[in-house]
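In terms of the numbering used here, the sequence shown has 51 at position 69, counting the first letter as 1, and numbering is strictly consecutive.
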Amino acid sequence: MRFLLLDIAPAEAVQCSLFLRPDDPRRVKLMGAVDHLNHRYGRDRVRYASTGIERGWKLRVEFLSPRFTTRWSELLSV
């Protein structure tokens, strides 16, 4: 199953066009190829130039603290 999320991007990464069709099959195919390459070679290896330069840090999900004060599923048991 695949999901195509359209129009969800940081404001600085949006390139506006009067002629862009989000349901264009070529665009869908391109996004699939970009996703495949990023999955294979690592996060953000292929991206739009408009997304800017490399940032000094990235959120690492594996380093997040447990949320046992707000998530029942992460409640510590003794």
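From the three backbone atoms N, C-alpha and C, an ideal C-beta is built for every residue, glycine too.
Rounded separation between residue i and residue j - CA only
i   : j   : result
L58 : P48 : 9 Å
Y30 : W39 : 19 Å
S55 : L46 : 15 Å
H21 : M13 : 12 Å
D5  : A15 : 16 Å
V43 : K11 : 28 Å
T52 : V60 : 18 Å
P7  : L41 : 32 Å
F1  : Y23 : 32 Å
Neighbourhood of residue i by C-beta distance below 8 Å, restricted to the same chain and skipping five residues each side
i  : result
R3 : R9
Distance between beta carbons of residue j and residue i, contact taken as under 8 Å
i   : j   : result
L19 : R27 : 6 Å
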